[in-house]
Amino acid sequence: GIQVEQSPPDLILQEGANSTLRCNFSDSVNNLQWFHQNPWGQLINLFYIPSGTKQNGRLSATTVATERYSLLYISSSQTTDSGVYFCAVGFTGANSKLTFGKGITLSVRP
Amino acid sequence: GAVVSQHPSWVICKSGTSVKIECRSLDFQATTMFWYRQFPKQSLMLMATSNEGSKATYEQGVEKDKFLINHASLTLSTLTVTSAHPEDSSFYICSATGLATIGQFFGPGTRLTVL
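Heads up: the sequence lines are chains A and B, in that order. This note's numbering numbers the first residue of the first sequence as 38 and each following residue consecutively. This note's numbering numbers the first residue of the second sequence as 19 and each following residue consecutively.
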């Protein structure tokens with residue numbers, strides 16, 4: 038099956054700092070999503086980004102499909118950004134299941 | 019848009035009883051729903067994929083007789099944990115996707131504790 042590796046596993050930031058989270062995957066995919074799991078367990082959709090670059094406020098993401106990696110950028114981090122960030126990859130259509138990475142635990146300190 | 023709900027949010031039951039968890043897509047038709055399990059400080063592990071009106075497809079190692087999945091309508095899927103045991107205690111999360119959505123959207127999860 039597809040292997041998904043996220044790095045770093047843990048990240049501690051001071052409020053206001055910027056960070057880059059990485060996701061490497063082992064096979065060509067046409068579905069890649071980034072999620073933020075909040076302290077209550079809810080997964081919040083951040084980006085659907087099988088290729089290209091997208092931005093949403095302080096967050097942006099870039100996926101280079103040919104090189105099988107994706108990056109999530111967080112700028113001017115806030116304490117509410119704390120939580121676990123998951124990258125998940127897969128395919129669209131009939132076999133649309135996602136394979137999740139192990140996640141990156143982000144702690145933003147005031 | 020693309021809101022998914024789960025009920026209950028948490029449940030405590032005695033060993034040997036069965037527990038049913040509901041997953042609903044509130045504002046779209048979910049042609050496919052997925053059930054995941056997450057242990058503390060671990061990632062999500064896919065248990066099964068269900069398509070409306072069809073039998074669920076279970077991942078390797080998941081007991082289909084223990085985890086019964088029904089996807090009877092385009093807005094509702096249920097997971098029944100039969101004869102629950104303490105090792106079934108976990109966080110169960112559903113997700114859904116449909117023709118009008120891009121990607122999967124997740125419910126808030128159900129925390130199951132089996133005593």
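For glycine and all other residues, C-beta sits at the position ideal for the given N, C-alpha and C.
- With a threshold of 8 angstroms between beta carbons, P126 of chain B makes contact with chain A.
- For K38 of chain B, the uninterrupted beta strand (DSSP E) run begins and ends at V37 to S43, by DSSP.
- For K139 of chain A, the nearest beta carbon of chain B is closer than 8 angstroms to its own beta carbon.
- Below the 8 angstroms Cβ cutoff, chain B contributes G121 as neighbours of N68 of chain A, in chain order.
- When DSSP states are grouped into helix, strand and coil, T131 of chain B belongs to the strand group.
- Interface flag for S43 of chain B against chain A is unset, since no Cβ pair is found closer than 8 angstroms.
- Nearest CB-CB separation between L62 of chain B and chain A: below the 8 angstroms threshold.
- Fewer than three Cβ pairs drawn from the region 114 to 125 of chain A and the region 85 to 93 of chain B lie within less than 8 angstroms of each other, which leaves the two stretches out of contact.
- When CB distances to chain B are screened at a threshold of 7 angstroms, the residues of the region 80 to 91 of chain A falling below it are L80, N82 and Y85, in chain order.
- Look at T93 of chain B: its C-beta is not under 8 angstroms from any C-beta on chain A.
- Not flagged as an interface residue toward chain A: I39 of chain B, since no C-beta distance is shorter than 8 angstroms.
- Your pair E70 of chain B and L92 of chain B checks out as a contact, with CB atoms roughly 5 angstroms apart and the cut at 8 angstroms.
- The three-state secondary structure of D47 of chain A, taken from DSSP, is strand.
- Judged by beta-carbon spacing, S97 of chain A lies beyond the 8 angstroms limit of T103 of chain A, meaning their Cβ atoms are not closer than that value.
- Under the three-state reduction of DSSP, E104 of chain A is assigned to helix.
- With contact defined as three or more Cβ pairs closer than 8 angstroms, the region 29 to 38 of chain B and the region 72 to 82 of chain A are not in contact.
- Between L97 of chain B and T49 of chain B a beta carbon distance of about 18 angstroms is seen, past the 8 angstroms cut, so the two are scored as non-contacting.
- Against chain B, a Cβ distance below 8 angstroms from F123 of chain A picks out S61 and L62.
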